[in-house]
Structure formats: C-alpha cells, structure tokens
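Here the structure is laid out as structure tokens; the discussion comes afterwards.
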Amino acid sequence: MRNSSPSLQGGLGGQNIIIFASGAGSNALEIIRRLHLVAEKQVKVALIVTNNPSAGVLNIAREHGIPSLVIEKERFFRGDGYLPELSAHDPRLLVLAGFLWKVPNSLIEAYPRSIINIHPALLPKYGGKGMYGDHVHKAVIGAGEKESGITIHYVDGHYDNGDIIFQARCPVEPGDTPSSLSKRIHQLEHRHFAEVIEKLLQN
Ligand code: GAR
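Now the structure itself:
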C-alpha cells in the first residue's frame, strides 16, 4: 500500500475506531473530518483517549460531540489498561495519532494487529524512545538528511517497531527548521492518514 491512493467505494459497515492522542490533535481532527463526519463512510470515532488533561484534542472531541477519556499511568500500565472502557465501543482499530505513551501488552494482546501508529519520519530511522514531534525533525535536520516523511505502522511492544503499513516522503529543504519541516510532515500526515485507515477498515 506504499504511496498508494486508495479509491473507496461504498460504506465501511458502521465500524468504530478509537483515537489516542497526547497533544494538539490535528491528525485526529483530519480523521474526524474525512471519515467520521462523512455519513456515507460509516466510520465512527467512538472515543478519544488522552494521557494529557490539557491536550488540545479534548477540545476537538468536545466540539464534535465525541466522548473522551483521560487515562492515568498506574491503571494504563499496571492495571487493566482501560480495557473495559475501550471494549465497550467494540473498536475495529485503535489509532495512535500523536500519542506519546507506550501501549501496554495487555492492549496489544487484546487487539492483535488492530493498533496503528503514525510516526513523523521514515522508520526504521529516527524512531524509538524520546523520538517524537520536533525531536524527530531536529535529528533529521541535524543528520543532514535530504528527505524525510511519515510512517504508519502496526504497534507492537516496542517503540516505533511494528510492521510498516505505509510510508510517504517529502524533501528536507535547505534552511529547514524543525518547525518548517514539521509543517511539511503534518501536511503529508493529513493527506494520507485517514485514507490508510479507511483502506485498513475495508480489508
Ligand atoms: C504528529 O506529527 C505525529 O506523527 C507525531 O506527533 C504529531 C502529533 O501532531 N507522533 C510522534 O512523534 C510519535 N512518535 P497532532 O497532535 O497535531 O496530530
């Protein structure tokens, strides 16, 4: 599915997804706009989960009438992983859209090959613990890379490690700063993420 532009026919059979996000939530918003708000697509963002009580994504949830859940470390990592709240929505996919906590094994086992993440670089380069947001773009620019991109992958028990589903590339321009590169990467994410999710839901 690399760099493909799936064209979609028909509805997706009333499937639910859950979005996990820690920050502004621009990817979450784009997914809502392109899947949840389009009646014919029949994809429902059933729940938005965040670890950050002041995350912008909570405003997005509120504005769209989507239920949200703020999670706490102890229960997420050493308790039941909030499985009762998640499974109540019968999700077909858990979508990590800028979610900065690792996913506990309890959830990986409960949702095999059903948790996906978007990463703002071309994995396997520039992934791993501490590699998120501008830290990634800083490292890419610092290494003198001529291109960067996005990776959408399945989530396993390690940071940024599961099987790759999709990648798309963009140039790193001379004079780029982490902020200018981040803008280009976000555009790429907004162009492709919803489409890839839709394609996965069709399979
Ligand atoms: C996105 O660029 C996403 O790829 C990145 O966080 C940003 C979230 O932006 N994720 C990671 O770095 C995960 N390692 P958003 O809140 O505007 O969607």
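Residue numbers (our numbering): 598 to 800. Beta carbons are placed, not taken as given, at the ideal position from N, Cα and C, and that holds for glycine.
Under the three-state reduction of DSSP, which class applies to residue i: helix, strand or coil?
| i | result |
| --- | --- |
| residue 621 | coil |
| residue 775 | helix |
| residue 656 | helix |
| residue 599 | With a pLDDT of 35 at residue 599, under the threshold of 50, the predicted position of this residue should be treated as unreliable, though the coordinate-derived value follows. It is coil, neither helix nor strand. |
| residue 764 | strand |
| residue 743 | coil |
| residue 611 | coil |
| residue 645 | strand |
| residue 667 | strand |
| residue 782 | helix |
| residue 700 | coil |
| residue 799 | helix |
| residue 752 | coil |
Looking at the secondary structure, which residues open and close the alpha helix (DSSP H) in which residue i lies?
| i | result |
| --- | --- |
| residue 770 | Careful: residue 770 lies outside any alpha helix (DSSP H) and carries neither H nor E. |
| residue 735 | 731 to 739 |
| residue 711 | It is not in any alpha helix (DSSP H) - residue 711 carries neither H nor E in the DSSP assignment. |
| residue 682 | 680 to 684 |
Looking at the ligand GAR, does it come within less than 7 Å of residue i, judged from the CB to the closest heavy atom?
| i | result |
| --- | --- |
| residue 717 | yes |
| residue 782 | yes |
| residue 549 | Only positions 598 to 800 of the chain appear in the structure, and residue 549 is not among them; the question remains open. |
| residue 733 | yes |
| residue 786 | yes |
| residue 623 | yes |
| residue 694 | yes |
| residue 707 | no |
| residue 727 | no |
| residue 618 | yes |
Quick one: give me the first and last residue of the beta strand (DSSP E) that residue i is part of.
| i | result |
| --- | --- |
| residue 688 | 688 to 693 |
Contact between the segment 614 to 624 and the segment 685 to 695 is defined here as three or more beta-carbon pairs at a separation below 8 Å; is this criterion met? Yes, since at least three Cβ pairs between the segment 614 to 624 and the segment 685 to 695 fall closer than 8 Å, the two stretches touch.
Check whether the segment 674 to 689 and the segment 707 to 727 touch, using three or more Cβ-Cβ pairs below 8 Å as the test. Because the criterion of three Cβ pairs below 8 Å is met, the segment 674 to 689 and the segment 707 to 727 touch.
Is it a yes or a no for the segment 730 to 744 touching the segment 766 to 777, going by three-plus beta-carbon pairs under 8 Å? Short answer: they touch.
Quick check: the segment 644 to 656 against the segment 609 to 618, are there 3 or more CB pairs under 8 Å? Because the criterion of three Cβ pairs below 8 Å is met, the segment 644 to 656 and the segment 609 to 618 touch.
Pairs of beta-carbons, one from the segment 711 to 720 and one from the segment 744 to 760, closer than 8 Å: are there three or more? Yes, the segment 711 to 720 is in contact with the segment 744 to 760.
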